[in-house]
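Notes for the one structure printed next.
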């Protein structure tokens, strides 16, 4: 009898509790995923945000002007991981990058690169040495676009683009 | 008139000393082991006592003639016997009680404010015994009584048969008494569950239904009476150590810390007693990391009790003091409100703008109780108490503080004109005061007188009484409330009662001025008392089919002027919240419980079920709906198996999803049914000084909430070791 009662209790207790909401909301058109953080957070940190580019930027001007969204929302960086989502237009994006920003005001000009560092980027699932290309479908979101941010290895924009023309 | 005065004098007058006798003896089980705390009484009189740690008892001032003695203990079948006593004689009567897991509780104190030995109460009463408290390995009383059929703890507030719901911590529709002395807070009317250490508590009785005819305000939905341990003779000590760990959230996305949270505590008590006096002191400390972000809790308490007996008078002093520093477990993160920037629902984390918020709380009480047994027919009791609560909420946005005092004094006369009749009359005075930056500086006075008579006619026992309460706020005009009650039991199996309950608004409800949910909460000094008529009919069968005990009750409450928060839309775009007497409600339902002992002395299975149907209608509005925070179905299922020193058990609680919550539209409406499974194990060698208990609470790590945006506890595994000397 005890076994039966216990079984009833266990069965009844399975499921039905509060569950996480999907990181990618059903209404989201864009991309979403998880950012995992490593390293020591610099004291001068202002925030971390996710930016995307339809084509890989070639210059600092591209880096600022071609960013989508233009003014990205920040991602919480104090915990070991954070979920994020970015509303975007459908299409293919060649670079999804996590950007670290130090304290200071942005001007939406190439001079902003002095305040910004590349903290990590989405890598190809088949070859993690290469950046991954993401396609945002029409009316839906691309999920599991996970990135790693390494605060001990923040890289200047000049490691990726040419800024000599500035 | 002259006859009445003469009769009263006859009742009051003490019997001549020479005519009084003494009955003494022991209470033991079939193996000869003493049964501590077994009650021995002469029913229909003021005379009763309890067996000491050696099972010995003594009743003095016994009148000559043929005397009926009743002995009973929790978990044992009662024994009645008769003894002939001549004046000044001394007689020894030894009792042997046999194990009877289906036996009803031996004493009922809460239902009539006088102890009843072997008589069933006319209103539903649930008892949580010392054994129940021990086997659950919990830290506070509220955790232990959460399994009582018809009762649900909702974020620290007690919901007896749907009476309270959840009222934002500003009141309680259930009165808590400690050894019969009211202990609800002076300012908010709430209950301090952690003021008494668990080791101080012998049992808890829960009166389900209106108890205002004897207890006044706050007993609107029921009364919880905590009986503390008496001080035994000799030198005794007790050490209780607890340690445990909280489980991680079941989904990795909800993880909010890198290592599991822990909890632990220690309680030590020591006592010494003789025939004439006794005293006990206790001290305890507890720490918890909490199961969610910003949920740390540190608790320290001291307690003390003393008794002094001289001739027919007994004086009891009690006191406790507790200090807490706990993080304010703020409501969970919603989409777009927290650090997660709308990424995902996160019930384990809080909004970062309020990180660091905490509460410093101090509370304490002292009480004294004097009882004089003038004769077997007459006794009087007087009590005085002082309860103080002090809190400081430290937040980034604003800090708040409050100091509440409740002073109480009461007197009660208990008379037994003959063996079939009991009469009690009493008077109470309470003065409450608050000084706070959210409640202001205010006071409330309450004066009351009550009386009740009980008559036994064959198998029928009928009681009737009433209480008159006068309330005054800030020295203003008096408001009078009358609370009558009639009750009857037949053959100890059937019971019925009808009574009126009321609850005076607390000063917090009248004068609160703060911010909640981003809106101003404005005071309402014109709040009136809530009132209700409650009806109950119940039946107890024991034993049934030789191994079952069945109890069921139907209850019905019609309430008026219930106080609920209302949203005030003030043009053009201001929204405020105010508490108002706006709700007329009906709470009806069925409460049933079954206890089965299919393998005597080894296996016990309990089942409790409550069905609640509530209806709520706002004043001036014909629309109806259910009351907030009242689940329609409450189910508790428990089993215990004992084999020698080893015991294992399980408890399952189910509460259906409440159909309605308050302020819906302004808070996160997410809520789910409650489905919590607890597993436990114990090792207790017979006669040994040490026992060890293991509890895995919410073992399936079911994630749920009882009130909006507030997560209920996750899986918690604790081990408790108790050493008794």
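Residue numbers (this note's numbering), protein chains in the order written: chain G, 366 to 531; chain R, 993 to 1717.
Even for Gly, the Cβ is constructed at its ideal location relative to N, Cα and C.
Here the alpha carbons of residue 1607/R and residue 1024/R stand approximately 55 Å from one another. Contact between residue 440/G and residue 462/G fails: their C-beta atoms lie close to 12 Å from each other, not under 8 Å.
In the DSSP assignment, residue 1291/R forms a beta bridge with 1278/R and 1316/R. Going by DSSP, residue 1125/R is part of the alpha helix (DSSP H) stretching over 1122-1128. The beta-carbon separation of residue 1713/R and residue 1666/R, rounded to 30 Å, does not stay under the 8 Å limit for a contact.
Residue pairing by DSSP places residue 1633/R opposite 1595/R and 1640/R in a beta bridge.
Below the 7 Å Cβ cutoff, chain R contributes 1243, 1245, 1246, 1336 and 1337 as neighbours of residue 385/G, in chain order. Its chain contains 1252, 1254 and 1709 as the residues whose beta carbon lies nearer than 6 Å to that of residue 1237/R, once the 5 sequence neighbours on both sides are disregarded; these appear in chain order.
Under a 10 Å Cβ-count criterion, residue 1672/R is classified as buried, with 16 or more other Cβ atoms of the shown protein chains found around its own Cβ.
Closer than 8 Å to the CB of residue 416/G there is not a single CB belonging to chain R. In terms of Cα proximity to residue 1168/R, the closest of 1126/R, 1057/R and 1102/R is 1102/R. Of all residues in the region 1660-1672 of chain R, those with a C-beta nearer than 8 Å to a C-beta of chain G are 1662, 1664, 1665, 1667, 1668 and 1669, reading in chain order. For residue 423/G, the number of other beta carbons within 10 angstroms of its own is below 16, and it is reported as exposed.
Per DSSP, reduced to three states, the secondary structure at residue 1369/R is coil, with no helix or strand assignment. Three or more Cβ pairs closer than 8 Å define a contact, and the region 1482-1491 of chain R falls short of that threshold against the region 1164-1184 of chain R.
Taking the beta carbon of residue 1697/R as reference, the chain G residues within 8 Å of it are 383, listed in sequence order. Within the region 1250-1280 of chain R, the residues whose Cβ lies closer than 9 Å to some Cβ of chain G are 1250, listed in chain order. About 6 Å separates the CB atoms of residue 1674/R and residue 1127/R; that is less than 8 Å, so the two are in contact. Among the residues of chain R, those whose CB is under 9 Å from the CB of residue 445/G are 1247 and 1250, following chain order.
The DSSP assignment places complete beta strand (DSSP E) segments of no fewer than 3 residues inside the region 1064-1092 of chain R at 1068-1077, 1082-1084 and 1087-1089, in order along the chain. In this structure, residue 1032/R places its C-beta atom within 8 Å of the C-beta atom of residue 1063/R. The continuous stretches of alpha helix (DSSP H) do not include residue 1545/R, which lies in the beta strand (DSSP E) extending over residues 1540-1562.
In this structure, the CA atom of residue 1092/R is about 29 Å from the CA atom of residue 1455/R. Residue 1034/R and residue 1051/R have their C-alpha atoms some 9 Å from each other.
Under the criterion of beta carbons closer than 8 Å, residue 1610/R and residue 1442/R do not qualify as touching, at roughly 33 Å.
When DSSP states are grouped into helix, strand and coil, residue 1053/R belongs to the strand group.
Chain G has no Cβ within less than 8 Å of the Cβ of residue 1442/R. A contact is defined here as three or more CB-CB pairs under 8 Å, and the region 1692-1712 of chain R fails this definition with respect to the region 1629-1644 of chain R. With fewer than 16 other beta carbons inside 10 angstroms of its own, residue 1302/R counts as exposed.
If the five residues before and after residue 1082/R are omitted, its C-beta is found closer than 6 Å to the C-beta atoms of 1014, all from its own chain and listed in chain order. Pairwise C-beta distances place the region 1212-1226 of chain R in contact with the region 1270-1283 of chain R, as three or more of them are shorter than 8 Å.
Contact between residue 1503/R and residue 1517/R holds, with the beta-carbon distance rounding to 7 Å and staying under 8 Å.
With distances taken between CA atoms, residue 1114/R lies nearest to 1453/R out of 1631/R, 1453/R, 1342/R and 1026/R. Considering only 1026/R, 1446/R, 1575/R and 1435/R, the residue with the shortest C-alpha distance to residue 1416/R is 1446/R. With fewer than three CB-CB distances shorter than 8 Å, the region 1117-1133 of chain R does not count as touching the region 1044-1058 of chain R.
In the structure shown, residue 1048/R falls within a strand segment according to DSSP collapsed to helix, strand and coil.
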